[in-house]
Amino acid sequence: MYLPLVFTNKGTTTCTLTGYPGVSLVDSAGSPIGDPATRRGTTRPTVSLPPGGSASTSLHTLNEGTTDTPCRRTARWIRVYPPDSFDAMKVSARSFRVCGGVFEVEAMRSGTDG
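UniProt numbering puts the first residue of the sequence shown at 1, with every later residue one more than the last.
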């Protein structure tokens, strides 16, 4: 299962994103659920975002029941640190749940396709 995460430049100047964001799952109290996502694939070129421009990444896990490894408990939030940032953002985890012991994040890429 893949889940795209889209980053949009809300500023007034161009910014850049290089590499991988930091991603973890948290419960409603803000406590982490399991280890953060590991990096998947190769690093892509730096993405330049003009004001209003977007870049994306994808989270990857396995579908429930694919392996004998159980799913983690359901998260309330996905906590995301943009590449090279110490400031996290939170987005609703909705129905995303880590299963099969696989929780991976891909490098940033241009566009919103994840």
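Glycine included, C-beta positions come from ideal geometry on N, C-alpha and C.
Small disclaimer: the values here were computed from a predicted structure and weren't measured.
Does the separation of the CB atoms of Cys71 and Arg97 fall below 8 Å? yes
Cutting at 6 Å between CB atoms, please list the residues of its own chain near Thr61, excluding the five before and the five after it. Met1, Val98, Cys99, Val102, Phe103
Which residues in the same chain have their Cβ closer than 7 Å to the Cβ of Pro83, if we skip the five residues on either side of it in sequence? Leu17, Thr18, Gly19, Tyr20, Pro21, Met108
In chain order, which beta strand (DSSP E) runs of at least 3 residues are fully inside the UniProt domain "DUF4232" (2-108)? 2-8, 15-17, 22-26, 38-40, 47-49, 54-60, 77-81, 89-92, 104-106
Do Ser54 and Thr13 have their C-beta atoms closer together than 8 Å? no
Straight-line CA distance for Ile78 to Ser92? 6 Å
Minimum C-alpha distance to Gly11 - residue among Pro50, Thr38, Arg44, Asp35: Pro50
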